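Asks: Can you read through this structure? Questions will come right after.
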Amino acid sequence: MDFALTEEQKILQDMAKSFAENEIKPHVEEDEKNQHWRKEIFDKMAELGFFGFCIDEKYGGNGMGFLEGVLVIEQIAKVHTSWRMAFNMQCWGPSLTIQKFGTEEQKQHYIPKFVSGEYIGSFAMTETDVGSDVAGMKCLAEDKGDYYLLNGNKMWITNGTVSNHGLLYVKTNKDAGAKGITCFIMDYSLPGITRKKLHEKVGLLASDTAEITFEDVKVPKKLVLGTVNQGFQMCMTQLNATRLGCSAGALGLSGAILEASVKYANERSQFGQPIGKYQLIQQQIAEMKMGHEALSYLVYKAAWLKDKGLPNVMETSMSKLYGAKEVVHAANECMKLFGSFGYSEEYPCGRFLRDSKQFETLEGTSNMHTMIVANAALGFAPNRA
Ligand SMILES: Cc1cc2nc3c(=O)[nH]c(=O)nc-3n(C[C@H](O)[C@H](O)[C@H](O)COP(=O)(O)OP(=O)(O)OC[C@H]3O[C@@H](n4cnc5c(N)ncnc54)[C@H](O)[C@@H]3O)c2cc1C
0 MDFALTEEQK ILQDMAKSFA ENEIKPHVEE DEKNQHWRKE IFDKMAELGF
50 FGFCIDEKYG GNGMGFLEGV LVIEQIAKVH TSWRMAFNMQ CWGPSLTIQK
100 FGTEEQKQHY IPKFVSGEYI GSFAMTETDV GSDVAGMKCL AEDKGDYYLL
150 NGNKMWITNG TVSNHGLLYV KTNKDAGAKG ITCFIMDYSL PGITRKKLHE
200 KVGLLASDTA EITFEDVKVP KKLVLGTVNQ GFQMCMTQLN ATRLGCSAGA
250 LGLSGAILEA SVKYANERSQ FGQPIGKYQL IQQQIAEMKM GHEALSYLVY
300 KAAWLKDKGL PNVMETSMSK LYGAKEVVHA ANECMKLFGS FGYSEEYPCG
350 RFLRDSKQFE TLEGTSNMHT MIVANAALGF APNRA
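This is how it looks when you write it as structure tokens:
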């Protein structure tokens, strides 16, 4: 693998950095405080073509792949981690999955609208009683001839109250486990849907998260993505893409933590010299630096493998699992390094710690990723593209 970025990739990275600094940074504090998902930021991201990574140009894609997408997500997450979610909700969730599994008509209708931001996307698997055990989901769509009758609940859904169209995974055969799941390209304007924003979150405060309830919702059959009862495979394929978005988010946040810690260690003096001169502080900084660097290799390598179409499920899980460990550790050390100021909202250490914890749970918990990595390493499961 060539570790040097091309000139085009560096320009893209700089562009994403400027965008994050100029358009997102000024709103971070206010949006965290008000738990506000800011539509203007979303619209500007769409305008810049940020929702077109890995999407065929004939559907509005930007002609760039996973590695370029990762570079952009990293810069955005570095400034405000909540906004890393938008990439998964638009391009690596709905658009890419429709591009892989949809009919030509579905591709032409939906993908350009997710890319342009006209459709605000989402994907929903998790339920109140079902998380890691995706095949155990209970939300049920019964075949009624002309339509499906949908009843049940989805929980913790990102963009849950703002999404107008998104992927919805439900059971169409309640006794068939993984083989009874179908993916719908859900239209959230259909009658019978109730959406409740969840305000009691620990972090990701500027990202919209909701519980969605379906009560006798009549879902037109044309909203089935691809083939009925093939949803589990679609879900696993989708997660292998969106997990990389998560890893790139962890990389961005770990970069923000490192930068803030280095600055503070140079500025803060005790016993007559900057605290960065003390070996114990240097150990914290060295660990953060190594962790960040190691994570970048894992994330870029996983993206590169994806772009080449090579097996990458294990590498994607390694980047996700290591990313969670690294960023939670770094955020914890950062708060210690800042002393009492770390415990004050005057500095971002609290947000860093709150936002770091998401990476241990979303898109598969750390236990799940440990199992994926171990099973591939032990040869119990093949490493797939
Ligand atoms: C802010 C936020 C946004 C989210 N966005 C979305 C979204 O957009 N769409 C969506 O569908 N979901 C979303 N989720 C849900 C998230 O993906 C799930 O919470 C996650 O998959 C874990 O499920 P769970 O919380 O039910 O935990 P559980 O599956 O109940 O797990 C609880 C604990 O048990 C462990 N565990 C479970 N099974 C095993 C096992 N076999 N072996 C060892 N340990 C095990 C887990 O690792 C975990 O530590 C979001 C969650 C949050 C917090």
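If you're matching positions, the sequence shown starts at 0 in numbering that gives the first Met the number 0 and goes up one per residue.
All residues carry an ideal CB built from backbone N, CA and C; glycine is no exception.
Source: prediction; values computed, not measured.
1) From the DSSP output, in three-state form, read off ASP186 for me.
2) Using a Cβ-Cβ cut-off of 7 Å (strictly less than) and excluding sequence neighbours within five positions of ASP55, which residues of its own chain qualify?
3) Under 7 Å Cβ to Cβ from ILE72, same chain only, skipping five residues before and after it: list those, please.
4) Kindly confirm or deny that the region 277-287 and the region 347-360 touch, where touching means at least three C-beta pairs closer than 8 Å.
5) Enumerate in chain order the residues of its own chain whose CB-to-CB distance from MET0 is below 6 Å, with the five nearest sequence positions on each side excluded.
6) Buried or exposed, going by whether 16 or more other CB atoms sit within 10 Å of the CB of ASN239?
7) Quick check: what's the CA-CA separation for PHE50 versus GLN89?
8) Contact defined as beta carbons within less than 8 Å: I believe ALA264 pairs with PRO273. What is the distance between those atoms, to the nearest angstrom?
9) Can we count ALA177 as close to ligand 1, meaning its CB is less than 7 Å from some heavy atom?
10) Identify whether MET287 lies in helix, strand or coil by the three-state DSSP scheme.
11) When DSSP labels each residue in this structure, what does VAL129 get in the three-state scheme?
12) Taking the alpha-carbon of LYS200 as reference, which of ASN382, ALA293, GLN34 has the nearest alpha-carbon?
13) Identify, in the order they occur along the chain, each residue of the same chain with its Cβ nearer than 7 Å to the Cβ of GLY48, setting aside the five sequence neighbours on each side.
14) Locate the alpha helix (DSSP H) running through GLU258, then write down its first and last residues.
15) How is ALA384 classed by DSSP in three states: helix, strand or coil?
16) Please determine if the region 317-325 and the region 285-300 are in contact, where contact requires at least 3 C-beta pairs separated by less than 8 Å.
17) Closest by CA to ARG353, which one among TYR58, ALA329, ARG242?
18) Examine ligand 1 and report whether any of its heavy atoms sits within less than 7 Å of the Cβ of LEU203.
19) Quick one: using the 10 Å Cβ neighbour count with 16 as the cut-off for buried, is HIS164 buried or exposed?
20) What three-state label does DSSP hand VAL298 in the structure shown?
21) In chain order, which alpha helix (DSSP H) runs of at least 4 residues are fully inside the region 308-338?
22) Between the alpha carbons of PHE183 and LYS112, how many angstroms are there, rounded?
23) What are the start and end residues of the beta strand (DSSP E) that includes GLU210?
24) Give a yes or no on whether the C-beta atoms belonging to ASN158 and SER121 are separated by under 8 Å.
25) For ASP186, which residues in the same chain have their Cβ closer than 7 Å to its Cβ, ignoring the five residues on either side in sequence?
26) Assign ASP142 to one of three DSSP states: helix, strand, or coil.
27) Assign ASN21 to one of two classes, buried (16 or more other C-beta atoms within 10 Å of its C-beta) or exposed (fewer than that).
28) Let's test the definition: count the other Cβ atoms within 10 Å of the Cβ of LYS170 and tell me whether it reaches 16, buried, or not, exposed.
29) Keeping to the same chain, check which residues put their C-beta closer than 8 Å to that of SER268; ignore five residues upstream and five downstream.
Replies: Per the coordinate set shown:
1) strand
2) GLN98
3) ARG83, PHE86, GLY244, ALA247, GLY248, GLY251
4) no
5) Residue placement at MET0 is poorly supported in this model, since its pLDDT is 48, which falls under 50; the coordinates still yield a value, given next. If we look at MET0 and ignore the five residues flanking it on each side, its Cβ neighbours are TRP303.
6) buried
7) 6 Å
8) 7 Å
9) no
10) helix
11) coil
12) GLN34
13) ASN61
14) 230-266
15) coil
16) yes
17) ALA329
18) yes
19) buried
20) helix
21) 312-336
22) 16 Å
23) 208-219
24) yes
25) HIS164, LEU222
26) strand
27) exposed
28) buried
29) ILE274
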